[in-house]
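So in our numbering, spot 167 of the sequence shown is number 205, and the numbers just go up one at a time. Accompanying notes for the structure given below.
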Amino acid sequence: MKLEIYADILCPWCYIGKRRLSRALEGLADPPEIVWRSFELDPGAGRAPGPTAEEAMRQWWGERAPARTELIRTTGAADGLELNLHLARPVSTFDAHRLWKLGQEHGKGEEMMERLLRAYHTEGANIADPEVLDALREEVLPGVPLPEGAYAEEVRDDERRAATQGVTGVPSLVIDGAGPVSGVQPPEAIRRLLTG
Numbered sequence: 039m040k041l042e043i044y045a046d047i048l049c050p051w052c053y054i055g056k057r058r059l060s061r062a063l064e065g066l067a068d069p070p071e072i073v074w075r076s077f078e079l080d081p082g083a084g085r086a087p088g089p090t091a092e093e094a095m096r097q098w099w100g101e102r103a104p105a106r107t108e109l110i111r112t113t114g115a116a117d118g119l120e121l122n123l124h125l126a127r128p129v130s131t132f133d134a135h136r137l138w139k140l141g142q143e144h145g146k147g148e149e150m151m152e153r154l155l156r157a158y159h160t161e162g163a164n165i166a167d168p169e170v171l172d173a174l175r176e177e178v179l180p181g182v183p184l185p186e187g188a189y190a191e192e193v194r195d196d197e198r199r200a201a202t203q204g205v206t207g208v209p210s211l212v213i214d215g216a217g218p219v220s221g222v223q224p225p226e227a228i229r230r231l232l233t234g
């Protein structure tokens, strides 16, 4: 079985989904081949941070925003995550996805994604800032540089593949090429998907 997981660092549900997937995979007798894929929620975003995620959610959802942000926070906390929507400021994630691809190539994709998610959602780091990304890279892959422009085509390939597979949001799971399903389900539900 092949499990493709589409995710973006900006998405708090991707952080939650990653934790839930890890629990779903624990002790699985026949684990799937896992392929993480890039998906930018806002490909047109710039590198300069603007409003916080919490402020942006107020613009999107109006009076429903407090309940939505509280749901994200409490759901994250139940999964052991500190989601600081008042610190996280949406920016371009393209270079962060390139860094993630570097981690994948060196067998550290999971660690790199975890570090990027924590930096953005918990620490409020600007994950579009080259210096921030370089510091995160050094934590996970000391001494392994990310060459200028490297992995750009791989990120674009993932995004083209998402379009052909019907992926329109994240986190999305694609199992053996079937239609995408939500990747933020409870661990037991994900496990049932993987075990038939």
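The C-beta atom is built at its ideal place from N, Cα and C for all residues, glycine as well. Just so we're clear, the structure is a prediction, and the values are computed from it rather than from any experiment.
Alpha carbon to alpha carbon, what distance is there between residue j and residue i?
{"i": "residue 196", "j": "residue 187", "result": "16 Å"}
{"i": "residue 67", "j": "residue 61", "result": "14 Å"}
{"i": "residue 69", "j": "residue 81", "result": "32 Å"}
{"i": "residue 115", "j": "residue 177", "result": "25 Å"}
{"i": "residue 50", "j": "residue 110", "result": "7 Å"}
{"i": "residue 52", "j": "residue 132", "result": "16 Å"}
{"i": "residue 84", "j": "residue 128", "result": "9 Å"}
{"i": "residue 101", "j": "residue 117", "result": "26 Å"}
{"i": "residue 181", "j": "residue 189", "result": "18 Å"}
{"i": "residue 234", "j": "residue 179", "result": "37 Å"}
{"i": "residue 227", "j": "residue 65", "result": "15 Å"}
{"i": "residue 98", "j": "residue 104", "result": "11 Å"}
{"i": "residue 144", "j": "residue 172", "result": "16 Å"}
{"i": "residue 193", "j": "residue 225", "result": "27 Å"}
{"i": "residue 147", "j": "residue 130", "result": "19 Å"}
Strictly by DSSP, which residues pair up with residue i?
{"i": "residue 44", "result": "75, 210"}
{"i": "residue 220", "result": "210"}
In or out: residue i buried (at least 16 other Cβ within 10 Å) or exposed?
{"i": "residue 198", "result": "exposed"}
{"i": "residue 45", "result": "buried"}
{"i": "residue 212", "result": "buried"}
{"i": "residue 150", "result": "buried"}
{"i": "residue 42", "result": "buried"}
{"i": "residue 209", "result": "buried"}
{"i": "residue 58", "result": "buried"}
{"i": "residue 86", "result": "exposed"}
{"i": "residue 56", "result": "buried"}
{"i": "residue 230", "result": "exposed"}
{"i": "residue 221", "result": "buried"}
Under DSSP, the alpha helix (DSSP H) around residue i begins and ends at which residues?
{"i": "residue 170", "result": "168–178"}
{"i": "residue 189", "result": "No alpha helix (DSSP H) holds residue 189; DSSP gives it neither H nor E."}
{"i": "residue 134", "result": "132–143"}
{"i": "residue 62", "result": "50–63"}
{"i": "residue 95", "result": "91–99"}
{"i": "residue 147", "result": "147–159"}
{"i": "residue 114", "result": "103–116"}
{"i": "residue 230", "result": "225–233"}
Who are the near neighbours of residue i in its chain, counting only those whose CB is closer than 6 Å to its CB and skipping five residues on each side?
{"i": "residue 120", "result": "160"}
{"i": "residue 200", "result": "44, 77"}
{"i": "residue 107", "result": "92, 95, 123"}
{"i": "residue 158", "result": "47, 126, 165"}
{"i": "residue 134", "result": "47, 154, 165"}
If I measure Cβ to Cβ from residue i and keep anything under 7 Å in the same chain, skipping five residues before and after, which residues do I get?
{"i": "residue 184", "result": "136, 137, 140, 175"}
{"i": "residue 214", "result": "39, 40"}
What does a CB cutoff of less than 8 Å around residue i pick up in its chain, not counting 5 residues either side in sequence?
{"i": "residue 204", "result": "217, 218"}
{"i": "residue 113", "result": "54"}
{"i": "residue 142", "result": "74, 150"}
{"i": "residue 170", "result": "157, 163, 164"}
Closer than 9 Å, CB to CB, is residue i near chain C or not?
{"i": "residue 134", "result": "Note that chain C does not occur in the displayed structure, where there is just one protein chain."}
Report whether the distance from the Cβ of residue i to the nearest heavy atom of the ligand ZN is below 8 Å.
{"i": "residue 110", "result": "No copy of the ligand ZN appears in this structure; indeed no ligand is present at all."}
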